[in-house]
Ligand code: NAD
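Spelled out as structure tokens, the structure:
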């Protein structure tokens, strides 16, 4: 490809594609082929300024547009997401590497947040208290914040942004999305679909970029709130930077998700689900299971079953209908995973399945790592302590449920966890005592539906609001409480210098 024939992603500002003001570009790879397929302009602080100006100007009317009119656009946008689901899934698969069926799943799960946002009139209804004092009433209502921003990771190019902008926009805010520079395509398509749905120019903007764009967002005085999803070090950085600048922040970080397998579990069911949850999306999910805790005598039989299923997985490009698992997102991500596997082996974990030498015919330069399984992992090994974010399952052996729960609670992350059991008592003890935000009982990837909220504990979330669902509505709005007296009702002034109390 010659330089001028390469597709270049531009920003979407004020309702149109806009070339960046700087001359830095990032390569967007096809991970299955291992070659660049397009490039993306990396924004300067001036590009962020231009997006904020467009969003501010749009807020003047969008913030006062009726909730019914806002919702009508959301309904149309939802229909367009249905119509373009296949196209979006293919685009995501090409840039991220995940299987097309998996990408379709994220389009659908993201669309559910739009469906939730279509019900915003019900969710924004305030509260009214009649006669709180003689002739006095009080009511509460919520208003949008203004211009808000979202910064998102590579692993869910459409779903994670959709956790944010439909709720923010339906609440009356205007939005600036800074998607991952590795997977820019889906955000551009979403911008076009919003425009087709009738969203006014400037309500939704996309600024592509890296740290420079993120820093400009964190520092910008006219951005009221920042939603972030990504790795823990950057989540911390975003939380600290944005709170220091006086913004409201929700920053979701990385994860190390444990699945506990009890001796009373159905081991075939557990093995099926552990393999799906560990290796789906090549382990590049914040809710992927990466640590399996085998309790009591269950480990030997469980390992045999997980190994059998791991060896049966087919690895291939995202558009290969016969494949189960695709490549890692970049060469650096692949090399990082390979390095962790070597570290685990050197530390003395038993390498039951080694995915390091995996090549895919016709895709020899693709960023593939085969599914890898370790047994007898201990909590001091880097394959356990670090978020690998690849297709690596590690098995730890513990004697009791209590030790399993203590082990999970000692881990700094608290995103998701699961227990496989046939005992209600075990399930109840587990869900009550584990220090984790999202819990599955025989459900290994317990991603909440759009009408609940998504978020972890500890180093998996900085800030106090989870995403979408009721917490999303609260995050993107601020409350007012109004106290009203109509003096002619009581006919008295009732003015007093004492602190007012109810009559
Ligand atoms: P990342 O932290 O590298 O990048 C996330 C965003 O931050 C991107 O938009 C990126 O451009 C920006 N960024 C990267 N480095 C930066 C820097 N130094 N300064 C400022 N901004 C920077 O994450 P990723 O590799 O894209 O995604 C994978 C990570 O995201 C994993 O840790 C995964 O667990 C996490 N994740 C978490 C959730 C969740 O809900 N908790 C969901 C999805 C992904």
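In my numbering, the protein residues as written are 664 to 1166.
Just so you know, even glycine gets a beta-carbon here, dropped at the ideal spot from N, CA and C.
Within-7 Å CB hit, residue i to chain D
i            : result
residue 1019 : In the structure shown, chain D does not exist; there is a single protein chain.
Same chain only: Cβ atoms within 6 Å of residue i, ignoring 5 sequence neighbours per side
i            : result
residue 1110 : 950
residue 694  : 760, 990, 992 and 1030
residue 997  : 991, 1030 and 1032
residue 1155 : none
residue 1013 : 1038 and 1039
residue 1108 : 940 and 950
Rounded distance between the beta-carbons of residue j and residue i, thought under 8 Å
i            : j            : result
residue 689  : residue 873  : 7 Å
residue 1165 : residue 795  : 6 Å
residue 933  : residue 965  : 7 Å
residue 1053 : residue 945  : 6 Å
residue 1080 : residue 1099 : 4 Å
residue 812  : residue 897  : The pair is not a contact, with the Cβ atoms about 14 Å apart (cut-off 8 Å).
residue 1138 : residue 779  : Between residue 779 and residue 1138 the Cβ distance is about 14 Å, and since that is not below 8 Å, they are no contact.
residue 783  : residue 716  : Contact doesn't hold; Cβ gap of about 26 Å is too wide.
Residue i beta carbon near ligand 1 (any heavy atom closer than 6 Å)
i            : result
residue 966  : no
residue 899  : no
residue 918  : yes
residue 894  : yes
residue 693  : no
residue 1150 : no
residue 843  : yes
residue 982  : no
residue 874  : yes
residue 811  : no
residue 816  : yes
residue 624  : This structure cannot settle anything about residue 624, because the visible part of the chain is limited to 664 through 1166.
residue 781  : no
residue 834  : no
Which of helix, strand or coil DSSP assigns to residue i
i            : result
residue 1146 : strand
residue 745  : helix
residue 922  : strand
residue 790  : strand
residue 681  : strand
residue 802  : strand
residue 1082 : strand
residue 832  : helix
residue 843  : coil
residue 664  : Residue placement at residue 664 is poorly supported in this model, since its pLDDT is 41, which falls under 50; the coordinates are not used for a value here.
residue 1094 : helix
residue 1072 : helix
residue 1017 : coil
residue 1057 : strand
residue 886  : coil
residue 932  : helix
residue 774  : helix
residue 1038 : strand
residue 1119 : coil
residue 702  : strand
residue 1101 : strand
residue 779  : helix
residue 733  : helix
Contact test: residue i Cβ vs ligand 3 heavy atom, cutoff 6 Å
i           : result
residue 915 : Ligand 3 is not among the ligands present in this structure, which contains only ligand 1.
Cβ-based neighbour list, residue i, same chain, cut-off 7 Å, excluding 5 preceding and 5 following
i            : result
residue 1082 : 923, 925, 1089, 1090, 1093 and 1104
residue 673  : 680, 681, 682, 683 and 704
residue 678  : 858, 864 and 865
residue 736  : 860, 861 and 862
residue 854  : 675, 867 and 869
residue 1116 : 1129, 1130, 1131, 1132, 1133, 1134 and 1135
residue 776  : 825, 826, 829, 830, 1113 and 1131
Close-in-space but distant-in-sequence residues of the same chain around residue i (CB under 8 Å, 5 per side omitted)
i            : result
residue 665  : Caution applies to residue 665, whose pLDDT of 44 falls short of 50 and renders its modelled position unreliable; the model cannot decide the point.
residue 1145 : 801, 802, 803 and 804
residue 970  : 1015, 1016 and 1036
residue 771  : 748
residue 702  : 669, 670, 671, 672, 688, 689, 690 and 691
residue 902  : 891, 912, 914, 1125 and 1126
residue 1149 : 798
residue 1073 : 1042
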